[in-house]
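Heads up, the thing below is written out as structure tokens.
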Amino acid sequence: MVYFQPSERVKQLPVNFFDQLDNKLAESEDAGKPFINLSKGNPDLPTPSHIVESLKTAVDKPENQAYPPFLGKENVRLAIADFYKKEYGVTLDPLNEVAVFHGAHIGITGIPQVLLNPGDYMLITDPCYPIYYSSAILSQARTYSMPLTESNQFLPDYSRISADVLKKVRLLLLNYPNNPTGALATEAFYQETIEFAKAHNIPVLNDFAYASLGFDHNKPLSLLQTKDAKSVGVEVYTMSKTYDMAGWRFGFAVGNASIIQALNHFHMHAYSTVFGAVQDAAACALQSSQKCAADIVAVYQRRRHVLIDGLRRIGWNVVPPSGTFFAWLKVPDGYDSQSLSDLLFDRAHIVVAPGIGFGKNGRRFVRISLVSSEEVLAEAVDRIEELHLFE
Ligand SMILES: Cc1ncc(COP(=O)(O)O)c(C=O)c1O
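Here the working numbering runs 82 ahead of the position in the sequence shown, where the first position is 1.
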């Protein structure tokens with residue numbers, strides 16, 4: 083075999099930080115040790131049955147066996163506009179303010195590529211979903227990280243960005259509800275964001291992947307609910323978490339028409355269309371009763387209770403997440419994210435995500451996901467208790 087060098091751009095893409103953890107786990111499992119893996123964000127519940135049934139019907143339709151329209155089927159674009167109206171009171175033009183694609187991943191890697199030129203800055207947060215770094219590399223752009231700390235409720239402080247950087251910023255990328263911190267954005271924060279973006283002529287992208295996952299009846303806000311948001315803002319939504327449809331690969335972007343137009347143009351060249359039957363099933367999910375989405379949140383809320391109350395009972399003074407299906411837990415004194423993760427791995431056979439994998443501000447945290455049953459989470463608490471870390 084002749085070895086062909088990948089392009090410089092591909093060489094720059096980092097190896098996934100969590101790959102090494104997966105490899106270590108695979109090796110240990112091969113050795114027969116039973117592990118509890120709480121490091122992942124892959125929803126474990128089945129897709130609601132009415133959505134599965136709608137896919138089955140849609141597969142039989144000859145129109146779905148041919149190429150779908152480039153810009154997505156009209157029914158799904160109408161369903162998206164209708165959904166945003168009902169859920170958030172936001173009016174969207176289904177043709178010019180909606181783009182559909184294979185999951186949020188395409189939107190969050192695509193929008194930076196359609197807006198940024200080499201050397202431009204993209205504002206991201208530290209910690210953040212690691213794919214944002216990859217999306218900057220694919221755009222040949224630079225990132226500037228705004229720290230997320232407990233003391234600012236894990237919301238960035240725009241006043242701390244240096245004037246030099248600000249001049250070169252061409253995209254602000256946010257993610258609320260936030261992975262990994264579990265924080266929600268407030269109305270005041272979004273207002274400040276839109277004012278800041280307008281003042282500096284910066285487009286804003288909110289990755290709304292955990293849109294439905296707010297606890298204690300706190301419904302997460304859409305960025306587009308903010309006054310004037312569409313003048314600078316766009317939001318990416320996915321079916322993966324709201325309806326447990328992660329394997330189906332369907333997401334969409336809504337908002338600023340110029341960004342949607344550029345994304346559609348790029349998408350037509352870079353990717354293909356989404357299977358028409360999946361679009362029909364997505365339309366069904368968005369247009370049917372949203373009780374299934376509320377039921378999913380209720381499951382995570384019960385799991386959150388088991389985990390957080392359990393950890394507090396054994397002496398770990400943790401703060402519950404406000405949204406998402408992740409708990410962002412400060413490590414006890416004497417540990418950092420890596421040493422605690424290693425200890426839990428080696429001595430309790432529990433896999434958690436070390437916070438450092440999400441940025442340097444994650445160095446004192448670990449991320450535990452709620453995509454395991456209450457029984458498994460309770461068992462994890464029992465195993466941690468046996469380590470006597472908090473005595
Ligand atoms: C913050 C965030 N954005 C986007 C995604 C990807 O979503 P999708 O399944 O729609 O590609 C994830 C998946 O875990 C995520 O955590």
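For each residue, glycine too, the CB sits at the ideal point set by N, CA and C.
Review point. With a CB to CB cut of under 8 Å and the five nearest residues on each side skipped, what residues in its chain are close to Phe-297?
Key: Here residue 297 refers to the residue found at position 215 when the sequence shown is read from its first residue. Excluding sequence neighbours, Phe-297 sits near Val-379, Tyr-382, Gln-383, Arg-386, Pro-402, Pro-403, Ser-404 and Gly-405.
Check your understanding: In this structure, what does DSSP give as the bridge partners for Glu-179?
Key -> On the sequence shown, position 97 is the one that residue 179 refers to. For Glu-179, which the question treats as bridged, DSSP gives no partner whatsoever.
Exercise for review: Classify Arg-159 as helix, strand or coil using the three-state DSSP reduction.
Suggested key: Counted from its first residue, the sequence shown places residue 159 at position 77. Looking at Arg-159 - three-state DSSP - the assignment turns out to be helix.
Review point. Does the Cβ-Cβ distance between Val-314 and Ala-344 come in under 8 Å?
Key: Position 232 of the sequence shown holds residue 314. Position 262 of the sequence shown holds residue 344. Note that the C-beta distance between Val-314 and Ala-344 is not below 8 Å.
Point to revise | Cα-Cα separation between Thr-191 and Glu-473, rounded to whole angstroms | key: Your numbering for residue 191 matches position 109 in the sequence shown. Your numbering for residue 473 matches position 391 in the sequence shown. The straight-line gap from Cα to Cα measures roughly 45 Å.
Practice item. Note down, in chain order, each residue of its chain lying with its Cβ closer than 7 Å to the Cβ of Val-247, except the 5 sequence neighbours on either side. Key: For this step, residue 247 is matched to residue 165 along the sequence shown. Cβ neighbours of Val-247 beyond the five flanking positions: Tyr-203 and Tyr-226.
Point to revise | Status (buried if at least 16 other CB within 10 Å, exposed otherwise) for Ala-281 | key: Within the sequence shown, residue 281 is the residue found at index 199, counting from 1. The C-beta of Ala-281 has fewer than 16 other C-beta atoms within 10 Å across all chains shown, which makes the residue exposed.
Check your understanding: What whole-angstrom Cβ distance do Ile-133 and Cys-366 have, given they're in contact under 8 Å?
Key -> Within the sequence shown, residue 133 is the residue found at index 51, counting from 1. Within the sequence shown, residue 366 is the residue found at index 284, counting from 1. Confirmed, about 6 Å.
Review point. Would you say Leu-120 and Ile-450 are within 8 Å of each other, going by their C-beta atoms?
Key: Sequence index remark: in the sequence shown, residue 120 carries index 38 (1-based). Sequence index remark: in the sequence shown, residue 450 carries index 368 (1-based). The answer is yes: Cβ separation under 8 Å.
Practice item. State yes or no: is the C-beta of Tyr-211 nearer than 7 Å to some heavy atom of ligand 3? Key: You won't find ligand 3 in this model; what it holds is ligand 1.
Exercise for review: Can you give me the Cβ contacts of Thr-173 inside the same chain, cut-off strictly under 7 Å, excluding the 5 residues immediately before and after it?
Suggested key: As a position in the sequence shown, residue 173 is number 91, starting the count at 1. The residues are Lys-167.
Check your understanding: For the beta strand (DSSP E) that contains Thr-225, what are its first and last residues?
Key -> For this step, residue 225 is matched to residue 143 along the sequence shown. Looking at the DSSP string, the run of the beta strand (DSSP E) that includes Thr-225 is 224 to 229.
Review point. At a cut-off of 7 Å, is His-299 close to ligand 1 when judged by its beta-carbon and the heavy atoms of the ligand?
Key: On the sequence shown, position 217 is the one that residue 299 refers to. No; taking the cut-off as 7 Å, the Cβ of His-299 has no heavy atom of ligand 1 nearer than that.
Review point. Closer than 7 Å: is that where the CB of Ala-291 sits relative to any heavy atom of ligand 1?
Key: Taking the first residue of the sequence shown as 1, we reach residue 291 at position 209. Yes.
Check your understanding: Cβ-heavy atom distance between His-431 and ligand 1 below 7 Å?
Key -> In the sequence shown, the residue the question calls residue 431 occupies position 349. No; taking the cut-off as 7 Å, the Cβ of His-431 has no heavy atom of ligand 1 nearer than that.
Exercise for review: Name the residue from Glu-169, Asp-126, Ala-148 and Gly-437 whose alpha carbon lies nearest to the alpha carbon of Asn-261.
Suggested key: Taking the sequence shown and counting its residues from 1, one reaches residue 261 at position 179. The shortest C-alpha separation from Asn-261 is found at Gly-437.
Practice item. Leaving aside the five residues before and after Ala-364 along the sequence, list all residues of the same chain whose C-beta is less than 6 Å from its C-beta, in chain order. Key: For the purposes of this step, residue 364 is taken as the residue at position 282 of the sequence shown. Hits under 6 Å: Val-158, Met-321 and Phe-332.
**Study point:** Boundaries (first-last residue) of the alpha helix (DSSP H) holding Lys-412
**Key:** Reading the sequence shown from its first residue, position 330 is the one you call residue 412. Element bounds for Lys-412: not the alpha helix (DSSP H) but the beta strand (DSSP E), 408 to 412.
Practice item. Count the CB pairs spanning the stretch 88 to 101 and the stretch 208 to 222 that are closer than 8 Å, and state whether there are at least three. Key: yes
Review point. Taking Cβ to Cβ, would you say Gly-154 is nearer than 8 Å to Gln-361?
Key: Indexing the sequence shown from 1 puts residue 154 at position 72. Indexing the sequence shown from 1 puts residue 361 at position 279. Using a Cβ distance threshold of 8 Å, Gly-154 and Gln-361 count as a contacting pair.
Check your understanding: Which one of Leu-459, Arg-429, Ser-354 and Val-336 has the shortest CA to CA distance from Val-388?
Key -> In the sequence shown, the residue the question calls residue 388 occupies position 306. When each option's Cα is compared against that of Val-388, the closest is Leu-459.
Point to revise | heavy atom of ligand 1 below 7 Å from Asn-283 C-beta | key: For the purposes of this step, residue 283 is identified with residue 201 of the sequence shown, where counting begins at 1. Result no, Cβ not under 7 Å from ligand 1.
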